[in-house]
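Here the protein sequences line up with chains A and B, keeping their order. Anchor point for the first sequence: position 50 equals 49 in numbering that gives the first Met the number 0, and the numbering is continuous, going up by one each time. Anchor point for the second sequence: position 292 equals 291 in numbering that gives the first Met the number 0, and the numbering is continuous, going up by one each time. Ideal placement from N, C-alpha and C gives every residue a C-beta, glycine not left out. Everything numeric in this text was worked out from a predicted model, so none of it was measured. The block underneath contains the structure these notes are about, expressed in structure tokens.
Number of protein chains: 2
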Amino acid sequence: MNAFENLAPATDLRVDGDRLWGNLMEIGRIGASSDVELTRLALTDSDGAARDCVVAWATEAGCEVSVDAIGNIFMRRAGRRDDLSPVLTGSHLDSQPDGGRFDGACGVLAGLEILRTLNARDMQTERALEVVIWTNEEGARFHPATLGSGVFAGAHTLDYGLSRTDADGVRLADALQRIGYAGPAPCGGRNIYAYLEMHIEQGPVLESASASIGAVTAARGRRGYEITLIGEASRAGSTPMERRRDALFGAARLISLVHDIGMMHAPLACATVGMLQVRPNVHNVVPGRAMLTVDFRHPDDAVLLDMDARLRAGVVRVAKDGGLDSEFRQTVSQTAVRFDAGCVAAVRRAANHLGYPCMDIVSGAAHDACQLARVTAAGMVFIPCLSATGRDDADETTPELIEAGANVLMHALLAHALEGDRYAAAVARA
Amino acid sequence: MNAFENLAPATDLRVDGDRLWGNLMEIGRIGASSDVELTRLALTDSDGAARDCVVAWATEAGCEVSVDAIGNIFMRRAGRRDDLSPVLTGSHLDSQPDGGRFDGACGVLAGLEILRTLNARDMQTERALEVVIWTNEEGARFHPATLGSGVFAGAHTLDYGLSRTDADGVRLADALQRIGYAGPAPCGGRNIYAYLEMHIEQGPVLESASASIGAVTAARGRRGYEITLIGEASRAGSTPMERRRDALFGAARLISLVHDIGMMHAPLACATVGMLQVRPNVHNVVPGRAMLTVDFRHPDDAVLLDMDARLRAGVVRVAKDGGLDSEFRQTVSQTAVRFDAGCVAAVRRAANHLGYPCMDIVSGAAHDACQLARVTAAGMVFIPCLSATGRDDADETTPELIEAGANVLMHALLAHALEGDRYAAAVARA
Chain A
0 MNAFENLAPA
10 TDLRVDGDRL
20 WGNLMEIGRI
30 GASSDVELTR
40 LALTDSDGAA
50 RDCVVAWATE
60 AGCEVSVDAI
70 GNIFMRRAGR
80 RDDLSPVLTG
90 SHLDSQPDGG
100 RFDGACGVLA
110 GLEILRTLNA
120 RDMQTERALE
130 VVIWTNEEGA
140 RFHPATLGSG
150 VFAGAHTLDY
160 GLSRTDADGV
170 RLADALQRIG
180 YAGPAPCGGR
190 NIYAYLEMHI
200 EQGPVLESAS
210 ASIGAVTAAR
220 GRRGYEITLI
230 GEASRAGSTP
240 MERRRDALFG
250 AARLISLVHD
260 IGMMHAPLAC
270 ATVGMLQVRP
280 NVHNVVPGRA
290 MLTVDFRHPD
300 DAVLLDMDAR
310 LRAGVVRVAK
320 DGGLDSEFRQ
330 TVSQTAVRFD
340 AGCVAAVRRA
350 ANHLGYPCMD
360 IVSGAAHDAC
370 QLARVTAAGM
380 VFIPCLSATG
390 RDDADETTPE
400 LIEAGANVLM
410 HALLAHALEG
420 DRYAAAVARA
Chain B
0 MNAFENLAPA
10 TDLRVDGDRL
20 WGNLMEIGRI
30 GASSDVELTR
40 LALTDSDGAA
50 RDCVVAWATE
60 AGCEVSVDAI
70 GNIFMRRAGR
80 RDDLSPVLTG
90 SHLDSQPDGG
100 RFDGACGVLA
110 GLEILRTLNA
120 RDMQTERALE
130 VVIWTNEEGA
140 RFHPATLGSG
150 VFAGAHTLDY
160 GLSRTDADGV
170 RLADALQRIG
180 YAGPAPCGGR
190 NIYAYLEMHI
200 EQGPVLESAS
210 ASIGAVTAAR
220 GRRGYEITLI
230 GEASRAGSTP
240 MERRRDALFG
250 AARLISLVHD
260 IGMMHAPLAC
270 ATVGMLQVRP
280 NVHNVVPGRA
290 MLTVDFRHPD
300 DAVLLDMDAR
310 LRAGVVRVAK
320 DGGLDSEFRQ
330 TVSQTAVRFD
340 AGCVAAVRRA
350 ANHLGYPCMD
360 IVSGAAHDAC
370 QLARVTAAGM
380 VFIPCLSATG
390 RDDADETTPE
400 LIEAGANVLM
410 HALLAHALEG
420 DRYAAAVARA
């Protein structure tokens with residue numbers, strides 16, 4: 000039993016949690032690599048099969064399905080006034096190698112479940128509701144991540160997106176053709192009234208606060224670096240300490256510095272050395288070379304700038320102290336995203352209305368919603384993942400929490416799709 | 000031009016440096032992997048070919064050659080009194096993969112060159128002089144290192160030595176048979192009057208002091224450890240700093256601690272983290288596991304004990320602070336060796352007599368001489384290696400330095416083989 004069992008929504012308008020869980024289990028078998036993991040790289044056969052399956056369900060549910068030129072799939076439930084811009088929700092179906100089964104899929108299937116719930120209640124919305132499956136969110140097969148939503152939001156051109164290649168040199172355009180998802184619809188260029196995405200947190204914050212819902216206020220900006228320290232390999236037994244040019248000792252000082260920089264800006268900052276490669280990496284040789292990666296995140300770009308400056312100064316200092324040469328390369332620069340205040344408020348209100356413990360939270364990772372924030376009012380609903388599952392990367396959750404997230408997402412979407420007093424009236428009627 | 004050119008020995012009794020260098024170049028071609036490196040793993044075809052070549056030269060020089068049960072080869076030049084125990088010199092012919100061409104070979108060939116020099120001068124010694132080629136000094140093919148000399152000196156039984164297997168499961172006994180060096184002579188069990196070994200320093204100390212000869216007073220003892228820190232892999236972008244169990248940050252603290260322990264006992268201590276393996280070692284994941292090796296050296300076992308205690312306490316502290324589990328395994332324990340005062344003095348005197356700048360030095364690595372120190376008066380002559388060659392592991396030297404080392408070795412051997420006043424008289428006559 001965990002902190003989130005026995006949730007009782009305070010309103011009658013809610014999704015069918017069992018149906019949603021059943022769909023998730025069914026989609027989770029496509030590309031499954033274990034009971035709880037799957038490998039469904041973008042535009043592979045398994046990604047195609049998952050797309051086909053969801054499209055079939057959406058068609059059954061009466062949606063009009065369209066596919067755009069980068070392979071994003073839109074499943075539309077018409078509104079009363081199709082002259083108004085639609086309200087959009089969704090996520091992605093592609094995964095990392097051995098990725099979590101809820102990452103992406105729960106946002107897509109929650110959207111579909113919401114459309115079915117509205118169908119069952121025969122509820123009509125003012126604006127159309129569309130559920131989207133974005134292409135290549137993970138970036139595991141085609142670099143960069145959030146590519147489909149990025150092209151949609153104008154962060155990249157369509158040509159850029161279609162010409163990305165995977166490790167085997169396969170072009171994204173050809174991979175789309177192969178699985179039948181090179182669509183005729185133009186990518187982007189149309190108005191979206193609002194975009195709300197439900198996603199599993201993939202971090203420990205909600206669980207440790209016993210909150211079942213996170214109202215995501217921002218996504219951390221990110222800076223990535225690759226730093227190489229070059230000293231001199233020499234024999235461990237015969238090179239006096241004061242004559243060494245030990246690249247690994249320099250790297251250790253940088254790892255401590257990165258940790259200090261993170262602590263200095265805690266709790267919102269994340270600062271990580273995730274990768275370290277040592278040469279020659281032999282027990283009796285002083286290391287001559289060490290390459291490490293640094294990953295900084297913070298929701299305020301000004302703080303990221305300060306972290307960047309401290310790192311650069313630290314590398315110069317550590318290299319000088321240790322008689323080392325250094326190579327410094329910035330590999331990632333993503334600006335921080337502040338989500339739309341109206342979307343965040345809608346998520347908070349929906350959670351309160353439904354009686355779910357809710358807290359504001361900052362997303363560490365970039366999601367498709369960060370791209371959508373460029374062109375529309377965007378927001379996110381986070382649900383907790385549970386450390387008790389023992390999975391290193393914390394990708395597991397429960398049927399109850401997924402149902403809670405879908406309920407909150409539904410009410411937040413309706414608040415946008417119904418407009419003003421009509422939302423309250425509709426919920427009261429339901 | 001380097002600091003060691005233009006050496007002029009102060010006495011006429013000296014080896015033929017050109018002949019010695021020519022022999023070294025010839026042996027260096029057997030198993031050569033580059034102009035200056037060779038791969039001549041113990042008891043492979045190339046090791047066998049190098050042995051055959053040196054045995055042929057020794058036979059030509061009139062030596063009586065015998066091979067013992069572990070494959071050690073003894074090349075004996077008789078003395079006036081064969082009832083006295085012999086004076087022994089030598090080293091090894093096996094190498095590391097891409098090892099230096101002078102490591103081992105220069106000690107063997109210097110010994111042979113000394114016998115030829117004495118032949119040419121028709122100098123008779125009181126005691127027999129024997130040049131030995133020890134089996135499997137490097138430990139690169141068969142674990143452990145200094146195996147042939149170790150069995151000779153009683154550190155290991157013969158059965159232990161013969162039953163060692165390489166990575167392919169080949170037994171050392173079979174490898175010896177295959178190249179024809181499973182000899183009939185018993186291994187060890189006889190008196191040796193003294194053992195002196197010439198070796199390249201493989202460190203920067205002599206070069207930086209512009210000393211052409213090192214009188215090796217001791218070999219550092221050694222402790223080796225493998226330490227694993229186990230935390231929890233988690234996402235770099237969404238795991239707050241204070242909730243992390245970052246194995247790599249713990250490893251960085253240990254690397255700094257190892258460095259501090261080394262500096263605390265400088266200049267004689269060496270303390271090295273040479274190997275670090277991180278899991279999952281991905282740029283956007285907080286590392287869940289880090290394995291590192293620690294290598295401590297010091298010529299005083301009491302200091303090594305202190306270093307050991309500080310490391311063990313540090314691992315407990317770092318693990319506790321970081322919420323980490325730890326695994327601690329000691330992999331190496333070699334006691335320090337103090338070489339025989341008479342042998343050290345003989346080397347110093349020979350260098351002074353010949354006019355070579357000489358300094359006392361401590362060996363970082365274990366050599367066959369460390370095994371011989373168990374059963375006889377043992378000492379070593381180091382010659383410098385030159386960093387100007389740009390090789391990472393500093394295995395290069397010059398013909399002049401090798402000649403200097405061989406001259407010092409010869410005079411130090413004669414001081415033992417001639418006894419007392421007879422050495423001075425013989426040198427004066429020569």
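* Asked: At a CB-CB cut-off below 9 Å, which residues of chain B make contact with A:Q176?
  -> Ordered by position in chain B, no residue passes the 9 Å Cβ test against A:Q176, which lies about 31 Å from the chain.
Show which residues of chain B have a CB atom less than 8 Å away from the CB atom of A:A268.
Chain-order list of chain B residues neighbouring A:A268: M240, by C-beta distance under 8 Å.
Quick check on DSSP: helix, strand or coil for B:I212? Judged by DSSP in its simplified three-state form, B:I212 adopts strand.
Q. In angstroms, rounded to a whole number, what distance separates the CA positions of B:R18 and B:V53?
A. If I take the Cα positions, the gap works out to 13 Å.
### Query
Does DSSP put B:L275 in a helix, in a strand, or in coil?
Here B:L275 sits in strand by DSSP.
Where do the N-terminal and C-terminal ends of the beta strand (DSSP E) with B:Q329 fall, by residue?
324 to 333 is the extent of the beta strand (DSSP E) around B:Q329.
Q) Can you name, in chain order, every residue of its own chain whose Cβ lies under 8 Å from the Cβ of A:T238, other than the five neighbours on each side? A) V285, listed in sequence order.
request  = Could you tell me which chain B residues have their CB closer than 8 Å to the CB of A:F248, listed as they occur along the chain?
outcome  = Within 8 Å Cβ-Cβ: I254, S255, H258, V272.
| query | By DSSP, does B:L92 sit in helix, in strand, or in coil? | reply | B:L92 sits in coil when the DSSP states are folded into three classes, being neither helix nor strand.
*asked:* Along the region 292 to 313 of chain A, where does the CB come closer than 9 Å to a CB of chain B? Name the residues.
replied: In summary, the residues of the region 292 to 313 of chain A whose CB is separated from some CB of chain B by less than 9 Å are T292, V293, D294, R296, in the order they occur in the chain.
- Item | A:T227: first and last residue of the uninterrupted alpha helix (DSSP H) it sits in | Following the DSSP letters along the chain, one finds A:T227 in no alpha helix (DSSP H) but inside the beta strand (DSSP E) bounded by residues 220 to 229.
- Take the Cβ of A:P383 as the centre, count every other Cβ of all protein chains shown within 10 Å, and call the residue buried at 16 or more, exposed below. When all chains shown are included, A:P383 counts as buried.
Simplified DSSP state of A:Y355, which is helix, strand or coil | Here DSSP, grouped into helix, strand and coil, assigns A:Y355 to coil.
* Asked: For the beta strand (DSSP E) that B:I132 lies in, which residues bound it at each end?
  -> Secondary structure note for B:I132: its beta strand (DSSP E) is the uninterrupted segment 128 to 133.
Per-residue contacts from A:V315 into chain B (C-beta, under 7 Å): Chain-order list of chain B residues neighbouring A:V315: empty, with the shortest C-beta distance near 19 Å, by a criterion of under 7 Å.
Q) For chain B, is any of its Cβ atoms less than 8 Å away from the one on A:G99? A) False, the Cβ-Cβ gap to chain B never drops below 8 Å.
Roughly how many angstroms separate the alpha carbons of A:T330 and A:T292, rounded to a whole number? It is roughly 9 Å from the alpha-carbon of A:T330 to the alpha-carbon of A:T292.
inquiry  = According to DSSP, simplified to helix, strand and coil, what is A:D159?
reply    = What sits at residue 159 of chain A in the sequence shown is Tyr, not Asp. Under the three-state reduction of DSSP output, A:Y159 falls in the helix class.
* Taking buried to mean at least 16 other C-beta atoms within 10 Å of its own C-beta, is A:E326 buried or exposed? -> Around the beta carbon of A:E326, fewer than 16 other beta carbons lie within 10 angstroms, which makes this residue exposed.
Should B:H410 be labelled buried (16 or more other beta-carbon atoms within 10 Å of its own) or exposed? Buried, since its Cβ has 16 or more Cβ neighbours within 10 Å.
Worksheet item: For A:L92 versus A:R50, is the C-beta spacing smaller than 8 Å?
Response: A contact, by the Cβ cut-off of 8 Å.
Check your understanding: Any C-beta of chain B sitting closer than 8 Å to the C-beta of A:V284?
Key -> The C-beta of A:V284 comes closer than 8 Å to at least one C-beta of chain B.
Residues bridged to B:S65 [DSSP beta-bridge criterion]
For B:S65, which the question treats as bridged, DSSP gives the partners B:F73.
Exercise. Does B:S332 have its Cβ less than 8 Å from a Cβ in chain A?
Worked result: Not closer than 8 Å to any Cβ of chain A, the Cβ of B:S332 fails to qualify, so no.
| Of the residues A:G61, A:A414, A:I69, A:G89, which one's Cα is nearest the Cα of A:A77? | It is A:G61.
**Prompt:** How do the region 229 to 246 of chain B and the region 366 to 376 of chain B stand: do at least 3 beta-carbon pairs fall below 8 Å, yes or no?
**Reply:** Contact fails: fewer than three Cβ-Cβ distances are below 8 Å.
Shortest alpha-carbon distance to B:L161 belongs to which of B:G147, B:G47, B:A152? Ranking the options by Cα distance to B:L161, first place goes to B:G147.
- Pick from A:M263, A:A218, A:V277 that is closest to A:I433, judged by C-alpha positions: The structure shown has nothing for residue 433 of chain A, since chain A only spans 0 to 429.
Q) Shortest alpha-carbon distance to B:F73 belongs to which of B:D82, B:R80, B:R79, B:V86? A) For B:F73, the nearest C-alpha among the options comes from B:V86.
Identify every residue that forms a DSSP beta bridge with A:Y194. Note: A:Y194 sits in a beta bridge opposite A:L87, A:A377.
Got a sec: is the Cβ-Cβ distance from A:V54 to anything in chain B below 8 Å?
-> Not a single CB atom of chain B sits nearer than 8 Å to the CB of A:V54.
From which residue to which residue does the alpha helix (DSSP H) around A:M306 run? A:M306 -> alpha helix (DSSP H) spans 300 to 321.
Margin query: Quick check: what's the CA-CA separation for A:A405 versus A:E200?
Written below: The straight-line gap from Cα to Cα measures roughly 14 Å.
- Query: For B:A251, which residues in chain A fall below 7 Å Cβ to Cβ?
  - Reply: Correct list: A251, I254, S255.
Exercise for review: Using a Cβ-Cβ cut-off of 8 Å, state whether B:M197 counts as contacting chain A.
Suggested key: Chain A, which has no Cβ nearer than 8 Å to the Cβ of B:M197, makes this no.
I need the boundaries of the beta strand (DSSP E) containing B:R288, first residue and last residue. That run of the beta strand (DSSP E) goes 288 to 297.
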